[in-house]
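For the record, the sequence lines run as chains Y and H.
Reading the first sequence from the start, the letters are residues 1 to 239 in full-length UniProt numbering.
Reading the second sequence from the start, the letters are residues 1 to 239 in full-length UniProt numbering.
The beta-carbon is built from N, C-alpha and C at its ideal position, and this holds for glycine as well.
Notes follow the structure.
Protein chains: 2
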Amino acid sequence: MPSSNLFIRKLEAFHPLSNEEKELLDRHSRPLREVPPKQDIIREGDKPACVHVIISGFACRYKLIKEGRRQIMAYMLPGDTCDFNVFILKRMDHGIATLSRCQVLELSPETVLEMTEHPAIARALWWANLVDESTMREWLVNIGQRPAEQRIGHLLCEILTRLEIVGLAKENTYTLPVTQTDLADTLGMTVVHANRMLTSLRIRDLIDIDARNLIIKDAERLKAFSGFNPNYLHLKGGS
Amino acid sequence: MPSSNLFIRKLEAFHPLSNEEKELLDRHSRPLREVPPKQDIIREGDKPACVHVIISGFACRYKLIKEGRRQIMAYMLPGDTCDFNVFILKRMDHGIATLSRCQVLELSPETVLEMTEHPAIARALWWANLVDESTMREWLVNIGQRPAEQRIGHLLCEILTRLEIVGLAKENTYTLPVTQTDLADTLGMTVVHANRMLTSLRIRDLIDIDARNLIIKDAERLKAFSGFNPNYLHLKGGS
DNA sequence: CGCTCAATTGAATGAGCTCAAATCTCGTGG
DNA sequence: CCACGAGATTTGAGCTCATTCAATTGAGCG
Numbered sequence: 001m002p003s004s005n006l007f008i009r010k011l012e013a014f015h016p017l018s019n020e021e022k023e024l025l026d027r028h029s030r031p032l033r034e035v036p037p038k039q040d041i042i043r044e045g046d047k048p049a050c051v052h053v054i055i056s057g058f059a060c061r062y063k064l065i066k067e068g069r070r071q072i073m074a075y076m077l078p079g080d081t082c083d084f085n086v087f088i089l090k091r092m093d094h095g096i097a098t099l100s101r102c103q104v105l106e107l108s109p110e111t112v113l114e115m116t117e118h119p120a121i122a123r124a125l126w127w128a129n130l131v132d133e134s135t136m137r138e139w140l141v142n143i144g145q146r147p148a149e150q151r152i153g154h155l156l157c158e159i160l161t162r163l164e165i166v167g168l169a170k171e172n173t174y175t176l177p178v179t180q181t182d183l184a185d186t187l188g189m190t191v192v193h194a195n196r197m198l199t200s201l202r203i204r205d206l207i208d209i210d211a212r213n214l215i216i217k218d219a220e221r222l223k224a225f226s227g228f229n230p231n232y233l234h235l236k237g238g239s
Numbered sequence: 001m002p003s004s005n006l007f008i009r010k011l012e013a014f015h016p017l018s019n020e021e022k023e024l025l026d027r028h029s030r031p032l033r034e035v036p037p038k039q040d041i042i043r044e045g046d047k048p049a050c051v052h053v054i055i056s057g058f059a060c061r062y063k064l065i066k067e068g069r070r071q072i073m074a075y076m077l078p079g080d081t082c083d084f085n086v087f088i089l090k091r092m093d094h095g096i097a098t099l100s101r102c103q104v105l106e107l108s109p110e111t112v113l114e115m116t117e118h119p120a121i122a123r124a125l126w127w128a129n130l131v132d133e134s135t136m137r138e139w140l141v142n143i144g145q146r147p148a149e150q151r152i153g154h155l156l157c158e159i160l161t162r163l164e165i166v167g168l169a170k171e172n173t174y175t176l177p178v179t180q181t182d183l184a185d186t187l188g189m190t191v192v193h194a195n196r197m198l199t200s201l202r203i204r205d206l207i208d209i210d211a212r213n214l215i216i217k218d219a220e221r222l223k224a225f226s227g228f229n230p231n232y233l234h235l236k237g238g239s
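What follows is the structure in structure tokens.
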């Protein structure tokens with residue numbers, strides 16, 4: 001029976017955990033900080049003081065450049081650890097912000113240390129980090145090589161797969177609590193164009209959006225269309 | 001006096017090393033494998049067996065997509081470790097190839113283990129890995145948000161800075177042993193356009209290229225023009 | 001010298017951007 | 001309960017940056 005604690009459920013996707021380990025994690029899974037949408041969790045230039053785990057909602061890594069443009073470099077979904085690695089650095093070279101309302105768990109360095117004394121937990125966190133890196137490589141491919149419509153399709157497929165891991169997507173349907181501006185800043189295109197490409201995907205009958213609810217009407221076709229291959233997420237079943 | 005061993009010199013940029021540690025590293029710095037240009041060091045799908053260190057020449061991480069397009073996701077310059085982290089994964093989700101002729105050092109897992117038993121070496125490798133991640137984030141910003149000419153400028157500034165660390169760039173001049181096709185595949189544009197933007201940078205009197213020799217004629221102006229800020233490389237002097 | 005690969009240039013086309021305005025949604029206060 | 005306002009979505013028109021296709025020139029090598 002999968003844990004109702006998404007942090008645990010996510011880690012278990014990478015490495016099996018004993019009951020003792022799960023209890024340890026669960027004991028440190030409180031309190032949760034409620035963060036409103038579009039709010040910084042850490043700002044660029046800050047000295048990181050703790051590790052953040054997203055328990056509900058979507059957050060992101062981002063950078064701003066002079067011209068007022070923003071690039072989102074990663075999505076953090078429920079169960080995801082924000083900065084297991086990065087918090088070693090003296091100063092953040094990028095910001096982390098919520099996209100939707102989020103529940104965030106804050107782990108002190110001591111707590112993280114206590115957790116990582118269990119090799120299984122350390123290993124799971126390590127893997128999660130490798131997958132984050134791998135995901136970033138895939139984003140580079142996505143932005144660098146694919147036309148706009150497929151870029152969006154690819155991202156939607158990735159989110160579907162990642163939400164399935166923690167049980168937040170059922171029947172190719174999930175809540176996507178981000179604006180089209182966020183999508184545009186993620187994929188390196190303008191909002192106007194993101195909107196048009198989304199419409200285009202709808203016309204192709206690949207997806208359907210109702211408020212914040214996304215229905216992928218034909219997942220296989222969308223994956224093929226977008227060149228999506230889940231290998232880079234290094235899931236258990238994967239080759 | 002900086003070491004003549006570029007692997008050591010690079011690591012020392014991240015963490016001071018004792019003589020004993022440097023001797024250990026140096027003892028394992030042979031033999032060097034000579035690899036011709038445009039040749040795979042590891043292919044996507046391969047099971048990684050050892051860690052590679054580039055001693056001379058340029059190598060890259062890349063992925064191919066169906067349509068025959070290629071995205072280069074990282075450059076590995078002399079002193080850089082290719083896959084300190086990635087080699088934990090069961091299968092490579094991307095390839096590593098030479099761009100120019102390279103001298104490559106191959107470290108067995110046991111050798112890496114022996115090295116990382118020294119905390120200073122482990123720490124330096126760890127930092128190098130964090131910087132690689134950070135660099136990838138910056139590339140995402142570069143490709144996602146900057147127009148083509150500035151993208152090229154930014155990359156040239158980054159390479160300048162990274163080569164200066166290991167003493168391979170003098171007076172804003174260095175050897176850039178890659179083709180324009182490689183640049184294009186790195187920055188998500190066509191060769192034709194890369195060529196034109198390079199010409200444009202030349203006309204602005206920012207750079208000069210003679211065969212494989214790049215002269216940055218006004219580094220400050222090129223950095224400003226390209227929005228280059230070396231923070232993300234987390235150098236010693238940096239804030 | 002002839003070959004192959006890299007660099008360069010031209011012309012036409014197209015994907016994606018800018019600017020602008022209209023419509024829609026939804027939370028808030030009266 | 002409704003009106004208002006801010007932010008989000010949608011649509012149109014014109015323009016630009018970048019691509020495609022094609023051909024030429026240049027450089028290095030056996």
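Boundaries (first-last residue) of the beta strand (DSSP E) holding residue i
i, result
"H:Gln-150", "H:Gln-150 -> not in any beta strand (DSSP E); alpha helix (DSSP H) instead, spanning 148 to 165."
"H:Leu-32", "32 to 35"
"H:Leu-214", "213 to 216"
Residue i versus the options, residue with shortest Cα-Cα distance
i, options, result
"H:Arg-91", "Y:Glu-117, Y:Val-131, Y:Ile-54 and Y:Ala-74", "Y:Val-131"
"Y:Cys-82", "Y:Arg-196, Y:Ala-219, Y:Leu-105 and Y:Thr-116", "Y:Leu-105"
"Y:Leu-206", "Y:Ala-194, Y:Ile-88, Y:Val-178 and Y:Glu-220", "Y:Glu-220"
"H:Thr-181", "H:Tyr-174, H:Val-191 and H:Leu-140", "H:Val-191"
"residue 255 of chain H", "H:Ile-55, H:Trp-127 and H:Cys-60", "With chain H covering only 1 through 239, there is no way to say anything about residue 255 of chain H."
"H:Thr-116", "H:Val-51, H:Ala-148, H:Pro-36 and H:Ile-203", "H:Val-51"
"Y:Leu-17", "Y:Ser-3, Y:Asn-231 and Y:Leu-183", "Y:Ser-3"
"Y:Arg-27", "Y:Pro-230, Y:Pro-36, Y:Phe-7 and Y:Ala-148", "Y:Phe-7"
"H:Pro-31", "H:Leu-214, H:Ser-108 and H:Leu-163", "H:Ser-108"
For residue i, three-class secondary structure by DSSP
i, result
"residue 306 of chain Y", "An answer regarding residue 306 of chain Y cannot be provided, because it is not within the stretch 1 to 239 covered by chain Y."
"Y:Ser-200", "helix"
"Y:Glu-117", "coil"
"H:Thr-98", "strand"
"H:Asn-172", "coil"
"Y:Met-73", "strand"
"Y:Val-178", "coil"
"Y:Arg-123", "helix"
"H:Ala-128", "helix"
"Y:Ser-56", "strand"
"H:Arg-91", "coil"
"Y:Asp-46", "coil"
"Y:Asp-205", "coil"
"Y:Asp-83", "coil"
Any chain Y beta carbon closer than 8 Å to residue i
i, result
"H:Ser-134", "yes"
"H:Leu-32", "no"
"H:Leu-206", "no"
"H:His-234", "yes"
"H:Asn-213", "no"
For residue i, the first and last residue of its enclosing alpha helix (DSSP H)
i, result
"H:Glu-106", "No alpha helix (DSSP H) contains H:Glu-106, which is instead part of the beta strand (DSSP E) from 102 to 107."
"Y:Ile-8", "6 to 12"
"H:Ser-226", "219 to 226"
"residue 258 of chain Y", "Nothing can be reported for residue 258 of chain Y, as the shown portion of chain Y is limited to 1 through 239."
Residue-chain proximity (residue i, chain H), Cβ-Cβ < 8 Å
i, result
"Y:Gly-188", "yes"
"Y:Asp-83", "no"
"Y:Gln-145", "yes"
"Y:Leu-130", "yes"
"Y:Met-73", "yes"
"Y:Leu-77", "no"
"Y:Tyr-174", "no"
"Y:His-193", "no"
"residue 279 of chain Y", "Because chain Y here runs from 1 to 239, residue 279 of chain Y falls outside it and cannot be looked at."
"Y:Leu-140", "yes"
"Y:Gly-68", "no"
Through-space distance from residue j to residue i, alpha-carbon basis
i, j, result
"Y:Asn-142", "Y:Leu-176", "19 Å"
"H:Gly-79", "H:Asn-5", "8 Å"
"H:Leu-160", "H:Asn-172", "7 Å"
"H:Lys-47", "H:Asn-129", "20 Å"
"Y:Ser-100", "Y:Ala-211", "14 Å"
"Y:Ile-165", "H:Arg-137", "25 Å"
"H:Glu-23", "H:Leu-125", "16 Å"
"Y:Ile-88", "Y:Gly-45", "13 Å"
"Y:Gly-153", "H:Leu-168", "42 Å"
"H:Cys-102", "H:Val-178", "12 Å"
"Y:Ile-209", "Y:Glu-34", "27 Å"
"Y:Gln-145", "H:Arg-70", "8 Å"
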